[in-house]
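> Once you've had a glance at the structure underneath, I'll fire off some questions.
Protein chains in written order, with the numbering used here: chain S, 1 to 356; chain E, 357 to 712; chain H, 713 to 1068; chain R, 1069 to 1424.
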């Protein structure tokens, strides 16, 4: 259930309600630890007969109790009625702000490859750099990423461009290592219901981007976010990357309406990944523009200096010119991207970078 | 096979090749009857051993023979390398021109309802009026449309607004009646592979809009267009209206990438129907903007003066204010709609209307 | 609504209730015209406030009124609580009886081909002969069937083997012609929501087999049956033939659980078509056995004397030996097929044949 | 590539080829370490120009080199041309032997619950006991299993009934603990592409059952098996448990044809899970019979003494009587189950148990 505090309620009231909840086997999570306005009481134990809700409703410091908060209360609008931004390094995603562009290679392959893409991304107005260090590959024999060396290169690219980094984590035991470098952890589509990984990633102290499984309902996607939030993630970004379908001319089918519908249910930012959604370079920019025109919170695309020589995902990677053209297209539909980090590489940002 | 004529070839050459094709059991279809540049030779008979193709390649009036023209040659870019516009009354769709907006009620319910929507559509910049006279309904007991009376009302709305009319035809025996009034016939998604209907509609002398079946591959969709073209349709417009999927929070899933991919394969215009694609009024405008930002040739939406009182499709119908807001949104992303017919209700157009 | 008559109610009571229903804009359909036990009151008009139901419940000749009969009352168990057999010529399908085997070529190609298959089908224990006269083809250029000549050959095969015939009808204007020969009309998957065709086929006086669309929900399938029943079809057989899916190694995916679930909802017989469900000859017999082991009412399979030379559906057609082996397999799982018509080619049957 | 050794080749020849492969960056895996007949040379490095294959083909101890072994060579029929049994404790699965029945609760809830089900399973002819200790749950707040205590109870149930145990593992760090007790590890559908987990489970020294993801192609499923085999799994069993689909009346759709098709490609045993495939108790037995009639290698079902009180998956759990009835049904279609372990609780088996 969600407890809406009375405007006059203070922190002591929130603590007291938390204590009552604990006795009922529930955990109380505040929407804003500094100044709670709502508390989500979550846990396995139900509230049989609604006694707890009824008790809380009687309190003068409680304005209302929401009982139909759904299966994913922390991710829901019942808990936070307005879209809430997620901070990734200096970049703000969602919360009604301008959309973000995240760009970078599928996999980090070399210093030269990564820096070329990172600088092109910054020039194009991106405010996030993506790049895989550990790659989930369908075949056990395929290139699995450069691992720790890729993390070092990503940190260097961040120093050079000011762009914060999002990179994937594949197993609970990798989380700590990846979280040392990444500004945002990524959970891939195939791991969206890898619950052990969600629990570990949520506890790492970094925001997490969770891709929708290629078969997942919106409710399952929100529950993946709920795992992250219930484990303590300071922010969660939802990323729609296409669902499996029956036509072989495109790889997946982008569920734009689903991405919009999930944002109605949740305060979390929602972005799209048109690269994985189509598997075809020529369709990436049109779908990116589509997503921004529809009002979503950003796009994430794969970019490679020489797509045809890429070790993975070449057919769906933009080259550097195509990335610049996409940025032009974005301006063409009147969208203003979130101020890219590179434009604000001020002492403040430098301080942020050097303090890492 | 597709025969590319030499630039110097004249109509006699085209006739001669047609005659050779006929002897081989094939039919020759010119891309432009007045000035053929390409001929599609179509039919059940294959070209065993490629003898016919080899023979034609030797002719001085033949520049090239395309043998891998695919299953739908008339609909393909092999036949017409560039997007070709389809004229619907005074409205031009596709061919690289500005996108069109088609709007109107799901079903024609009354004179007042239809005229209110038609005028609002004209004001919003629509250049086509949609409206169902014969409705395909899942249940035999549901409202099946006003039939001939609806056709009369549609003709009246056209006289008042200048907007040409697209309306659905459900059975071969209805085609003649509907074609008397409609400027463009519509084949619904459930009839996309009703081959008898396709053959009849293609022969009616009107352009035809064919919706993609909720299960259809792009190739099957193109073959539906091929049925229409092979039967003589003067133009075919493809309309993506969403595929069936597994999540219950939206009704269907719009295949924007598929709509773009089919236009790469075909010279035919491709528009989207965000009303049926989502089943949710609040998602119609975002998806319409998405489709236009992606560069498609138009959108078709359902509008009703009082959606909650609609006899069909109320939940997905825009009201008149929402239609106007959508038009604002379209301008907001920098899209310029095709000049609406109402803006050019000049003597010429009046002549067109009165001559009908 | 469904009116359950009191056991003592007579035909006059049924007529009287029908008359009341008509005044309320509804049509009354008896489960058994000779001795009605239940009446379905169907139509567009709702029963506002439930006044009609309340009135009928008060009558002494009414035992109960069922108000939640669902969208397809005539097809439902509310109307007929027990599985009801459908008679196709001398063959009984469903109703709790033994399963039937229907076999025959995809398309009738020649007299020799058809008779060879028909005799093999009879020997294998089939009690229905299938064969296409009019073929729905994805391409306008493909072989479309022998048409009326095929109907003559089917009639000859019936005379020779005693097997009743099921063959497809594609358009309303074909219905009368096809119904002259066919013992059961077939509605193909792509026409499952061709409502004009359903209405025409239902009125032809023959039982109808309706295949499930490759995208259809169980409720939509039942509503297709409802169209047929509401138009007067003397019997409807449901046929599951596989749904479209994403894996390319089989053509469709057979929904065995859906076939079982629809039979829980409906009194209609349900059979499966493993040929279209898989598109692969080697998988036809295992799936046929699966369907019979699951307790369904029959299987329909495609058979050709030389599958690799078939004009259509060769890859999924059994040859004559494989058909015999399938019959052995059926015995191997302990299933007893419905007595094949050929075993009862008695004067009675001959009379039935000659009287046609 | 797969190297087919000459019948006269000895172990030294296999070692020598392995050494050559290593120099080319490949690993050589023998089909039978004791007496290799085929070697799979696997790894990321391609064989550019086919030089290695050409070299090996020249050797007198090599009968043939298969170059189109597909993406999952170890799982393929190219590596082992015949179905190969997998031993799970005393139970043999696949290899052309009689089918197996695996039964047990969704989750181990208590000693009484587990032992009641285990004894009923043994009586019904099961030769494997299933039961979840660690449960993957869509919600972070749902019951997640009894964990280590459940493993102790499973071991007790094995001692009492002789049935070997299959239980799920959710994270790499759980593998060692679970493998101490389990006779076969289970990878759930949602973890089918959790590659870190596959690698860890494959290295645990136990056979592994891998469920097909609800969105997975057959090739992806085989690649999951390949991960396990490449990590050293002594055996892999494939389990089809239904794919996500669009109809809400059943939970998933069982891909029986896919299960058969994957067995044509692979030597691995393939079983079905009708409980998860349908989500409906009433459909479990019909689908189990269907799978066995189709010739698959076994079924795994969920059983609970009181399904309506189950902490998870109650709606799809059989009760003890229904399990016995299913066993009757299996006999009714002429299937003979693999001799259940309980029938051979001889000193040998006791020795097997006590030696664990």
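Even for Gly, the Cβ is constructed at its ideal location relative to N, Cα and C.
All figures in this text were calculated on a predicted structure; none of them were measured in a lab.
Counting only beta-carbon separations shorter than 7 Å, does residue 846(H) have a partner in chain S?
no
> Cβ closer than 7 Å: which chain E residues qualify as neighbours of residue 255(S)?
Under the 7 Å cutoff, chain E gives 609.
> Starting from residue 167(S), trace the beta strand (DSSP E) in both directions and tell me its first and last residue.
Here the beta strand (DSSP E) through residue 167(S) covers 165–168.
> Count the other CB atoms, across all protein chains shown, that sit within 10 Å of the CB of residue 684(E); report buried if there are 16 or more and exposed otherwise.
exposed
> Give the secondary structure of residue 1318(R) by DSSP, where H, G and I count as helix, E and B as strand, and everything else as coil.
coil
> In terms of DSSP beta bridges, what is residue 565(E) paired with?
542(E) and 593(E)
> Identify, in the order they occur along the chain, each residue of the same chain with its Cβ nearer than 7 Å to the Cβ of residue 399(E), setting aside the five sequence neighbours on each side.
381, 382 and 383
> For the segment 62–96 of chain S, list every residue whose C-beta sits within 9 Å of some C-beta in chain E, in sequence order.
none
> Decide if residue 731(H) is buried, meaning its Cβ has at least 16 other Cβ atoms within 10 Å, or exposed.
exposed
> Going by alpha carbons, who is nearest to residue 450(E) out of 648(E), 680(E) and 516(E)?
648(E)
> Between residue 499(E) and residue 668(E), how many whole angstroms is the CB-CB distance? I'm expecting something under 8 Å.
Sure, about 6 Å apart at Cβ, within 8 Å.
> Measure from the C-beta of residue 651(E) to each C-beta in chain S and report whether the shortest distance is under 7 Å.
yes
> Taking 7 Å as the threshold (beta carbon to beta carbon), is residue 1032(H) in contact with chain R?
For residue 1032(H), no Cβ of chain R is located within less than 7 Å of the residue's own Cβ.
> Suppose contacts are defined by Cβ-Cβ distances below 7 Å. Is residue 883(H) in contact with residue 552(E) by that definition?
yes
> Write down every uninterrupted run of the beta strand (DSSP E) in the segment 24–77 of chain S whose length is 3 residues or greater and which is fully enclosed by it, in chain order.
27–30, 38–42 and 62–66
> Please compile the residues from chain H whose C-beta is within a distance smaller than 7 Å of the C-beta of residue 245(S).
958
> Name the residue from 752(H), 1019(H) and 896(H) whose alpha carbon lies nearest to the alpha carbon of residue 950(H).
896(H)
> If you follow the alpha helix (DSSP H) that residue 1300(R) is in, where does it begin and where does it stop?
Unbroken run through residue 1300(R): none, as it is neither H nor E.
> So residue 140(S) packs on residue 1298(R), CB below 8 Å; how close in whole Å?
5 Å
> Look up residue 714(H) in the DSSP assignment and give the residues it is bridged to.
752(H) and 778(H)
> Which residues in the same chain as residue 893(H) place their Cβ atom closer than 7 Å to its Cβ, once the five residues preceding and following it in sequence are excluded?
Shown here for residue 893(H): same chain residues with a beta carbon closer than 7 Å to its own, the five before and five after excluded, namely 863, 866, 867 and 877 in chain order.
> Can you look up residue 479(E) in the DSSP assignment and give me helix, strand or coil?
helix
> Tell me which residues of the segment 215–230 of chain S have at least one Cβ-Cβ distance to chain R shorter than 7 Å, keeping chain order.
215, 220, 223, 226, 227 and 230
> Return the residue from the list 1382(R), 1356(R) and 1330(R) that minimises the CA-CA distance to residue 1169(R).
Residue 1169(R) has its Cα closest to that of 1356(R), out of 1382(R), 1356(R) and 1330(R).
> Taking the straight line between their C-alpha atoms, what separation do you get for residue 994(H) and residue 187(S)?
41 Å
> With a threshold of 7 Å between beta carbons, is residue 1346(R) in contact with chain H?
yes
> Does the beta carbon of residue 561(E) sit closer than 7 Å to a beta carbon anywhere in chain H?
no
> Which term fits residue 1177(R), buried or exposed, when burial requires 16 or more other beta carbons within 10 angstroms of its beta carbon?
Buried, by the Cβ-count rule.
> With residue 1346(R) and residue 1319(R) assumed to form a contact (beta carbons below 8 Å), what rounded beta-carbon distance in angstroms separates them?
6 Å
> Quick one, which of 122(S), 331(S), 48(S) and 167(S) has its alpha-carbon nearest residue 130(S)'s?
167(S)
> Is residue 563(E) near residue 518(E), with beta carbons less than 7 Å apart?
no
> Decide if residue 720(H) is buried, meaning its Cβ has at least 16 other Cβ atoms within 10 Å, or exposed.
Residue 720(H) is classed as exposed because its beta carbon has fewer than 16 other beta carbons within 10 Å across all chains shown.
> Once you ignore the five residues that flank residue 1343(R) on each side, which residues in its own chain have a CB closer than 6 Å to its CB?
So the list reads 1352, 1369, 1370 and 1384, once near-sequence residues are dropped.
> Could you have a look at residue 803(H) and say whether DSSP puts it in helix, strand or coil?
When DSSP states are grouped into helix, strand and coil, residue 803(H) belongs to the strand group.
> Ends of the alpha helix (DSSP H) at residue 177(S)?
175–181
> Tell me which same chain residues have a C-beta within less than 7 Å of the C-beta of residue 1284(R), skipping the five on either side of it?
1260
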